[in-house]
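Enquirer: Residue numbering for the sequence shown is -26 to -1, 1 to 200, as defined by mature numbering (1 follows the signal peptide of the UniProt record, and there is no 0).
Where a beta carbon is used, it is the ideal one built from N, C-alpha and C, also for glycine.
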Amino acid sequence: MKLKKIASLMLAGVMAVSMLAGCQNANVDPEQPTDPETPTATGYSVEMASNLSDAAKKDYIAFEDNADDLTALEDALGNMSWTTTAGNTALPKVVTAVHDWDAVDTSLVVKDFINGAGLKENQLVYNDMWNALLNNRLEDDETVKYGLLYVIDGTVDVNKALKQVANKVENLLENLPNVNVSDTARYTFDYTVSVSVANKALDVIDWYNGSANFIAVTVTRVPTAA
């Protein structure tokens, strides 16, 4: 009799524990599904764009980094020796167009970057790019790509340098047309602006080793028949 009573008490204890566990589980909120994370836009192109006015960031202009541009830039800089600026030629403290920089080896850099990035113009000159994208009435039906190349002392903060670049290209971007001017064939245009930055070690003067940041800006125009 005592054994039956003990067994009954044990069974009752097990049931009580089970019921308590069930109540505790019932009070736990079911796992809530998590919202997918929204990818954050990053890169030099977006950073440069953050310094532009709304007028330069129209809905038909996208800002995206281009890995091929960066590869072409890094390859082109292989033309520059580390003694490029030897002889006390100073690295520019503000963003300067490469074709205006008083240093050797830059002509080969320009040529190779144009070829490697698949650019249309031959000197990476702002006025040429302006005329090609805003004044040129040819090639409306073709995808075309133009570019600029700047240089600045490598000790200048890159984001500060990109702010200077934005100031240089803002007027161009503000005036990019969404449609062509033609009496026969009509096209709408979309653009992708890509910014690449590559650092190159240079011997600024005989006793000081520095570096320069080269900043490329390319604009790709894609037409769509209207």
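Are residue 195 and residue 161 close, meaning C-beta to C-beta below 7 Å?
Expert: Walking along the sequence shown from the start, residue 195 turns up at place 221. Walking along the sequence shown from the start, residue 161 turns up at place 187. Not closer than 7 Å, so no.
Enquirer: Around the Cβ of residue 2, are there at least 16 other Cβ atoms within 10 angstroms (buried) or fewer (exposed)?
Expert: Looking up residue 2 in the sequence shown gives position 28. A caution first: residue 2 carries a pLDDT of 45, below 50, which makes its placement in the model unreliable, though a value can still be read off. By the 10 Å Cβ count, residue 2 comes out exposed.
Enquirer: For residue 90, name the three-state secondary structure that DSSP assigns.
Expert: Sequence index remark: in the sequence shown, residue 90 carries index 116 (1-based). Of the three classes helix, strand and coil, the one that applies to residue 90 here is helix, per DSSP.
Enquirer: Between residue 22 and residue 41, what straight-line distance do the alpha-carbon atoms span, to the nearest angstrom?
Expert: Position 48 of the sequence shown, counted from the start, is the residue given in the question as residue 22. Position 67 of the sequence shown, counted from the start, is the residue given in the question as residue 41. Spanning the two alpha carbons is a distance of roughly 16 Å.
Enquirer: Just the C-alpha distance for residue 186 and residue 87, rounded to the nearest angstrom, thanks.
Expert: As a first step, residue 186 is located in the sequence shown; it is residue number 212 there, counting from the start. As a first step, residue 87 is located in the sequence shown; it is residue number 113 there, counting from the start. Looking at the two C-alpha atoms, the distance is approximately 16 Å.
Enquirer: CB residue 49 to CB residue 92, shorter than 7 Å?
Expert: Along the sequence shown, one-based indexing puts residue 49 at 75. Along the sequence shown, one-based indexing puts residue 92 at 118. Contact: no.
Enquirer: Evaluate residue 55 with the Cβ neighbour count: other Cβ atoms within 10 Å of its Cβ, from every protein chain shown; 16 or more gives buried, anything less gives exposed.
Expert: The count along the sequence shown starts at 1 and reaches residue 55 at position 81. It is exposed - the Cβ of residue 55 has fewer than 16 other Cβ atoms within 10 Å.
Enquirer: With a threshold of 8 Å on Cβ separation, who are the neighbours of residue 159 within its own chain once the five nearest residues in sequence on each side are excluded?
Expert: By one-based count along the sequence shown, residue 159 stands at place 185. Hits under 8 Å: 114, 115, 199.
Enquirer: Would you decide whether residue 121 is buried or exposed? Buried here means 16 or more other CB atoms lie within 10 Å of its CB.
Expert: Indexing the sequence shown from 1 puts residue 121 at position 147. By the neighbour-count rule (16 or more Cβ atoms within 10 Å), residue 121 is buried.
Enquirer: Assuming residue 53 and residue 83 form a contact by the criterion Cβ under 8 Å, report the distance between their Cβ atoms to the nearest whole angstrom.
Expert: For the purposes of this step, residue 53 is taken as residue 79 along the sequence shown, with counting starting at 1. For the purposes of this step, residue 83 is taken as residue 109 along the sequence shown, with counting starting at 1. With 8 Å as the limit, residue 53 and residue 83 qualify as a contact, their Cβ atoms being about 5 Å apart.
Enquirer: Helix, strand or coil for residue 105, going by three-state DSSP, please let me know.
Expert: Counting from 1 along the sequence shown, the entry for residue 105 is found at position 131. In this structure, residue 105 counts as helix in the three-state DSSP scheme.
Enquirer: Beta carbon of residue 169, beta carbon of residue 34: below 7 Å?
Expert: To locate residue 169, count along the sequence shown from 1; it is residue 195. To locate residue 34, count along the sequence shown from 1; it is residue 60. Taking 7 Å as the Cβ cut-off, residue 169 and residue 34 do not qualify as a contacting pair.
Enquirer: Can you find the residues in the same chain that come closer than 8 Å, C-beta to C-beta, to residue 173, ignoring five residues on each side of it along the sequence?
Expert: As a first step, residue 173 is located in the sequence shown; it is residue number 199 there, counting from the start. Within the same chain, residue 173 has close Cβ partners 128, 185, 186, 187, 188.
Enquirer: CA-CA distance, residue 167 and residue 20?
Expert: On the sequence shown, position 193 is the one that residue 167 refers to. On the sequence shown, position 46 is the one that residue 20 refers to. In a straight line, the C-alpha of residue 167 is about 9 Å away from that of residue 20.
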